[in-house]
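For reference, the structure discussed in these notes is given below.
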Amino acid sequence: MKKQITRKTFIVTAVVGGIVLMALVIINAIVSARQTTTATNEAVAEVSSFYLEAMADRRAKTITNLINKNFYQMEIAVDYISNEGIESEEELRNAIGDIKRLLSLDRFALVDKDKIVHTQYTTYAGGSRHAFLSGEMTGHRSVSTVSIYGSSKQLCLASPMDELTIDGKQYVACFVQIDVGEIIDLLAFDDNRTYFGLYGKKGENLSGTKLGAFVSTHNLFEALQGIVPEDTWTENRDNFLKAMDGIISFNVNGMEETLCYVPIEDTDWMMVVLIRESDIQDRIRSISEKSLLMSKRQIAFTLGFSALFFLVLLYMSKALAQKDLEVEKKNAQNFRNMANTDSMTGVRNKHAYSEMEAHLNARIRQNEIDKLAIVVCDINGLKIVNDTMGHAAGDRLIKEACSLICEYFTHGAVYRIGGDEFVVILQEKGFDSLKDVITEINHVIEENVKKKKAVVSIGYSELTPDDQLVRDVFERADQMMYQRKLQLKQMGAPTRA
Amino acid sequence: MKYSFIKNGITSFVLLAAVFLSSCSMASSRIASDEGKVSTDSEGEAKTGSASTDFVSSAVDFNHELDQYKPKKDRYNFYFTYKTVHPWWDAVALGMEDAQRQYLERGITITYEYMAPDVASAEDQKKRLFAAKAGDFDVIGVDVADDAIISPILDEMVDSGIKVMTFSSSDAASGCKRIAYVGNTHNYEDGKDLTEALCKKLGYKGKVAILVGSVGAPCHEDRAKGAKATIAEYPDMEIVATEYDMDSVDLAYDLTMKILNDYPNLDGIICCNMSNPVGAARAITERGSNTVIVGMDHDQEALHYLKDGTIYCLGVQDCYSIGFDTIQTAVKIADGNKPGVLFQEKTDEATTVIYQDDASIMLDILYGDD
Chain U
0 MKKQITRKTF
10 IVTAVVGGIV
20 LMALVIINAI
30 VSARQTTTAT
40 NEAVAEVSSF
50 YLEAMADRRA
60 KTITNLINKN
70 FYQMEIAVDY
80 ISNEGIESEE
90 ELRNAIGDIK
100 RLLSLDRFAL
110 VDKDKIVHTQ
120 YTTYAGGSRH
130 AFLSGEMTGH
140 RSVSTVSIYG
150 SSKQLCLASP
160 MDELTIDGKQ
170 YVACFVQIDV
180 GEIIDLLAFD
190 DNRTYFGLYG
200 KKGENLSGTK
210 LGAFVSTHNL
220 FEALQGIVPE
230 DTWTENRDNF
240 LKAMDGIISF
250 NVNGMEETLC
260 YVPIEDTDWM
270 MVVLIRESDI
280 QDRIRSISEK
290 SLLMSKRQIA
300 FTLGFSALFF
310 LVLLYMSKAL
320 AQKDLEVEKK
330 NAQNFRNMAN
340 TDSMTGVRNK
350 HAYSEMEAHL
360 NARIRQNEID
370 KLAIVVCDIN
380 GLKIVNDTMG
390 HAAGDRLIKE
400 ACSLICEYFT
410 HGAVYRIGGD
420 EFVVILQEKG
430 FDSLKDVITE
440 INHVIEENVK
450 KKKAVVSIGY
460 SELTPDDQLV
470 RDVFERADQM
480 MYQRKLQLKQ
490 MGAPTRA
Chain C
0 MKYSFIKNGI
10 TSFVLLAAVF
20 LSSCSMASSR
30 IASDEGKVST
40 DSEGEAKTGS
50 ASTDFVSSAV
60 DFNHELDQYK
70 PKKDRYNFYF
80 TYKTVHPWWD
90 AVALGMEDAQ
100 RQYLERGITI
110 TYEYMAPDVA
120 SAEDQKKRLF
130 AAKAGDFDVI
140 GVDVADDAII
150 SPILDEMVDS
160 GIKVMTFSSS
170 DAASGCKRIA
180 YVGNTHNYED
190 GKDLTEALCK
200 KLGYKGKVAI
210 LVGSVGAPCH
220 EDRAKGAKAT
230 IAEYPDMEIV
240 ATEYDMDSVD
250 LAYDLTMKIL
260 NDYPNLDGII
270 CCNMSNPVGA
280 ARAITERGSN
290 TVIVGMDHDQ
300 EALHYLKDGT
310 IYCLGVQDCY
320 SIGFDTIQTA
330 VKIADGNKPG
340 VLFQEKTDEA
350 TTVIYQDDAS
360 IMLDILYGDD
């Protein structure tokens, strides 16, 4: 036997299906978020080294560019001095002042063949102060580190120059000194989660910048001794001495830190960049949490929207069902009306009469009816009209007779139970006015006989206590109708032969 | 006109009084600082010096400001000569450059020459002074290479109207006509202090050697005299050698090796200049000897030897202040002022004895290196 789908089944299926669907969406979103975080962490771990190396390289190149720029500007400065026709020490000092101002070479100076340094304001013996003057001048460019007493380190860029004689002195070289602090300012272009510093070949911090909380400003290798395995420590210290790049990872107080170092071209410096793994993890976690929060919001929104959507859908489904039900009811009513109505006259038909008869019979049996009268009406001469004037004329006669009956039996139910036969059921008010109405309508009918209009033979009967069925009342009325038909025939009404 | 004269007079008096009070205050603070140099070393022994950051930080004063003296000119040209090209005088130069910058900010241009030979030489200094005498300098400043040779020359220069001052670590001989001196006025005491610390460390018993810098250099000779005087106070202490390294680290190393060969059981070395302790420490380290070194000055390598315990203590002079005050004093001298209210005839600069515990702080302060 095929099971019928009920409304309840439909709703339960929709709700359960919706919940399962939403649960799947949530689980899928959470699993996706976790997988994304894990995958990202793994990816970060893999690329952090590359990232650090890139950062170190970028900073190292910045310094190399700075060095090249300063050497280039020194060339311009020397050309300027050579072409100015300078003849005295004072003029030279003024020219150096111009160069400092125009080319931003703050610590520009010339050196004569006796290693005497000439600046804008001073002339001094520089053999012990500048590394490139401590031995024989090589005739090549040199880059050296200068430890300034009580101050930071400086990068000294020295360049030989074509011999220039001013006031009897032969100038053979020029140099500038760049403060490490200025270089550090130039390098501070990234976020504050990475640390960087300039280091000497022995791991000494030249820049004074903190390389994280642990290494801080200490000598790199002194700080890492005992923290990393001895062979790792030795390998990296050797890398420093040989100006080779490398990466060191170490764990301090449960914190994983990674540093990367690269040599800076033309100098004996190493650029060291450090990042704490936890910083990367924190950053990723933060991004993941944001992403997860966003997903949760999206899920909540989706759930809310879906729930609302389902409610609306349910409401609409219910409304539609209600509407369908009403239409169905109306159709049923229409069908029922059509089944109980005579299509020609619009009054109830024999089917309706049979239903009413059954209904009244039941009430009679239960003794619920006091007043009931049956009026039987029969159209005189319908067959003659049909035969002589056609069915259309016959139909018009039927309608005319029906109108007459309905006009007078306003408080009764009129039924057409045959081609030329009508029944009127009268109760209560209609019952009370029966006889008056009969008198009036019969008078009109008798007039109609004379006018050759519709003539209806009417008989009637009232319910008596002996009557068991409506049929009993009907038959008495029918008898009376036949008697009346004879009377009307005698008055000249058309009657079937 | 009369009122203007009185007004100017009162202004000058107030200004001079302020400068005088300021200089008195400065002098007393340095004296207080010197008096406070007592604490214990890593072995719990009493010593002069302290491990406190403040104490070590005050050994060199990098925060100078020019006093309220208003120079009479807007341009000055000086000539300074010192014993030898050496990092110690480079530190003095930085103080000078700081003063020069500050004057420049006030619209006063100061130019100067700051010259020395590669090897300390009184004869070379003599030549430089004769050359400078012919130059157009407002003041000539001298770190005396040999007081016996140089002092008469300075007197001649003063007599000829040249304004002469001495500076850094070596003044001219007593009675010299130079106008003023800025620098270490207590070299003899420095020699005594270092030697006293050594004697205490050795339990006042042992054989020691003295390394001196340049022959005739007053500061080096005075410290050596102070050392000898202290050793003489203890009968169980003996000086077995006295050598001059002529301000050369390499020579100091060679001399120490020679002394160690001659006296393998040498207990201590007293170093009287900046190059002595570096050369001595290199030799001691190479030999693996336990010889105790005491010495002078702030050489970065020497400070590292102090940090690792190879050197027992170092007397650090405030070179920066020497340089700064030299330029300030030179400007006043150039304006024709005499020692008195505006500046003292001898401006003393402090020496601080530091020990192993202080080394990292001093390395950080002086070289950004700990």
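Taken in order, these protein sequences are the chains called U and C.
Quick note on numbering that gives the first Met the number 0: the first sequence kicks off at 0 and runs consecutively.
Quick note on numbering that gives the first Met the number 0: the second sequence kicks off at 0 and runs consecutively.
Every residue, glycine too, gets a C-beta built ideally from N, C-alpha and C.
Owing to the predicted nature of the structure, the values given are computational and were not obtained by experimental measurement.
Annotated as distal: P276/C and A240/C, with beta-carbon spacing of 9 angstroms or more. For the set I326/C, A349/C and Y81/C, the Cα lying nearest the Cα of I107/C is the one of I326/C. Here DSSP, grouped into helix, strand and coil, assigns M343/U to coil. Assigned with DSSP and collapsed to three states, C318/C falls in helix. Inter-residue distance for Y194/U and V272/U is about 6 angstroms (C-alpha atoms, whole angstroms).
A residue is called buried once 16 or more other Cβ atoms fall within 10 Å of its Cβ, and M343/U, having fewer, is exposed. For the C-beta of I360/C, not a single chain U residue is nearer than 7 angstroms; the gap to the nearest is close to 13 angstroms. About 6 angstroms separates the beta carbon of V141/C from that of L153/C, a gap short enough to meet the 8 angstroms contact definition. In terms of Cβ geometry, L485/U and L371/U do not form a close pair [threshold 9 angstroms].
The beta carbon of W268/U lies closer than 6 angstroms to those of L197 in the same chain, with the five residues before and after it left out. Using a CB distance below 7 angstroms, no part of the region 163-177 of chain U faces chain C. Rounded to the nearest angstrom, the gap between the Cα atoms of K488/U and D466/U is 31 angstroms.
Secondary-structure assignment with DSSP links C173/U through a beta bridge to L109/U and S158/U. In this model, K224/C and I269/C are separated by some 11 angstroms (Cα to Cα).
Burial is judged here by how many other beta carbons sit within 10 angstroms of a residue's own beta carbon; G417/U has fewer than 16 and is exposed. For V157/C, the nearest beta carbon of chain U is not closer than 9 angstroms to its own beta carbon.
With a contact defined as Cβ atoms closer than 8 angstroms, T301/U and V24/U qualify at about 6 angstroms.
The DSSP assignment places complete beta strand (DSSP E) segments of no fewer than 3 residues inside the region 229-296 of chain C at 236-243, 267-270 and 291-295, in order along the chain. For A171/C, there is no enclosing alpha helix (DSSP H), as DSSP marks it with neither H nor E. Neighbours of T328/C in chain U, taken as residues at a C-beta separation under 8 angstroms, are lacking, since the least C-beta distance is about 17 angstroms. At a cut-off of 9 angstroms between beta-carbon atoms, V59/C makes contact with chain U.
The C-alpha of E474/U is placed about 22 angstroms away from the C-alpha of G380/U.
Only those residues of the region 287-304 of chain C whose C-beta falls short of 7 angstroms from the nearest C-beta of chain U are listed: Q299.
Three or more beta-carbon pairs separated by less than 8 angstroms are not found between the region 285-292 of chain U and the region 85-100 of chain U, which leaves the two stretches without contact. Excluding five sequence positions before and after V455/U, the CB atoms of its chain that fall closer than 6 angstroms to its own CB belong to C376, I378, A400 and I444, given in chain order. Within the region 85-132 of chain C, the runs of alpha helix (DSSP H) that reach at least 4 residues and sit entirely inside it are, in chain order, 86-104 and 121-132.
Along the length of the region 302-383 of chain U, whole alpha helix (DSSP H) runs at least 4 residues long occupy 349-364, reported in chain order. For the region 132-207 of chain C, the full-length alpha helix (DSSP H) segments reaching 4 residues or more read 146-158 and 186-201 along the chain.
Taking C-beta separations shorter than 7 angstroms and ignoring five residues to either side along the sequence, the partners of K428/U in its chain run H410, following chain order. Contact note: R92/U reaches chain C through T110, using a C-beta cutoff of 8 angstroms and chain order.
The Cβ atoms of S151/U and G180/U sit closer than 9 angstroms to each other.
Close CB contacts of F136/C within its chain, under the 7 angstroms cut and outside five residues either way in sequence, are with N76, F77 and Y78 (chain order). L65/C has a beta carbon lying at 9 angstroms or more from every beta carbon in chain U. From the beta-carbon of M114/C, the residues of chain U found nearer than 8 angstroms are I115, T122, Y123 and A124. With distances taken between CA atoms, G458/U lies nearest to A476/U out of R58/U, D184/U, R470/U and A476/U.
Against chain C, a Cβ distance below 7 angstroms from S127/U picks out V84, H85, P86 and D89.
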